[in-house]
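J.: Before I ask anything, here is the structure I am working with.
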Amino acid sequence: MLKVDNIDVYYGNIQALKSVSLEVNQGEIVTLIGANGAGKSTLLKTISGLLKPRQGNIVYLDQFIAGKQAQAIVKQGISHVPEGRRVFANMTVEENLELGAFLRRDKDGMRKDFEKVYDLFPRLLERRKQLAGTLSGGEQQMLAMGRALMARPKLLLLDEPSMGLAPLLVKTIFRIIQEINEAGTTILLVEQNAHMALSVANRAYVLETGRVVLSGTAAELNASDEVKMAYLGGH
Ligand code: ATP
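In structure tokens form, the structure reads like this:
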């Protein structure tokens, strides 16, 4: 479904991604793990069109998308939930969700998608008239994910959905990630919580200082000594 082929990405003179390649197959949850600053967010931003690779290709459903405008990429079915949620604080929950569907015209389909999002996140239904800025961190994460789903993505890019959330809420978010995937959306998940990420993923890539240093099935990486030492607290 998605093939990232040897991309180099720079911020000015600083190279953030070095010959990175990765594949995501339809139906999978693929996770990208790595320390702070490894380049995980940079990779998601490059896939969603916020950054352009200097070298290399990105192919999504048989089309070259590297360097295309972000809006065109959303239209092709890739939605990105950025790190730190970024909801519109002065708009209500419902207005934020509407914005997620701004490229769509089909009113009936949108109504159904509102229902789907509210089924997935009952909390958002309870708070639909509330300003997004007054929601808790976990609720804002749910809203950011719900907003992305309103664009009906085929591929969902999630950047650190568990960041700053209490353990119980982390579990809830991961359960919902699995539900979204089971309903047919392919997911590329960036996480620092390698333990949780590997528990839901089919496959994983490890990124270190801009390079892919390891990849395999989630079970293989869970069993790898290197991953255990560096990302799973040595257990
Ligand atoms: P984090 O979890 O902290 O976001 P990450 O793995 O997602 O880490 P990136 O945010 O992709 O890492 O950053 C990769 C590298 O690029 C880092 O060295 C970072 O300092 C650098 N970088 C990121 N954004 C910028 C920017 N806007 N300008 C210059 N350098 C940047």
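Numbering of the sequence shown is given in the numbering used here, commencing with residue 6 and proceeding in unit increments. All C-beta atoms in this analysis are idealised placements derived from N, C-alpha and C, irrespective of residue type, glycine included. Computed from a predicted structure; not experimentally measured.
1. What is the DSSP secondary structure of Ala223, counted as helix, strand or coil?
2. Report back the beta-carbon spacing between Gly151 and Leu170 to the nearest angstrom; my notes put them in contact at under 8 Å.
3. How many Å lie between Gln146 and Pro166 at the Cα?
4. Between the Cα of Ala75 and the Cα atoms of Gly39, Ala94, Leu160, Gly54, which residue gives the shortest distance?
5. How many Å lie between Leu140 and Ala43 at the Cα?
6. Quick check on Ala171: does DSSP put it in helix, strand or coil?
7. Residues in its own chain within less than 7 Å of Asn62 by CB, not counting five upstream and five downstream?
8. For a test of your reading of the model: does the CB of Ile19 fall under 8 Å from any non-hydrogen atom of the ligand ATP? Yes or no.
9. Run through DSSP, which three-state label would Ser84 get?
10. Which residue marks the beginning of the beta strand (DSSP E) containing Leu154, and which one marks its end?
11. Less than 6 Å between C-beta atoms, sequence neighbours within five positions excluded: which residues of the same chain meet that for Ala106?
12. Measuring from the CB of Lys57, is there a heavy atom of the ligand ATP at a distance below 8 Å?
13. Which residue's Cα is closest to the Cα of Glu99: Lys80, Ala206, Leu237, Gly138?
14. How is Arg91 classed by DSSP in three states: helix, strand or coil?
15. Compute the minimum distance between the beta carbon of Gly169 and the heavy atoms of the ligand ATP, and state whether it is under 8 Å.
T.: In brief:
1. helix
2. About 16 Å; that fails the 8 Å criterion.
3. 7 Å
4. Gly54
5. 30 Å
6. coil
7. Asp10, Phe69, Ala71
8. yes
9. strand
10. No beta strand (DSSP E) contains Leu154, which is instead part of the alpha helix (DSSP H) from 142-154.
11. Met115, Met155
12. no
13. Gly138
14. coil
15. no
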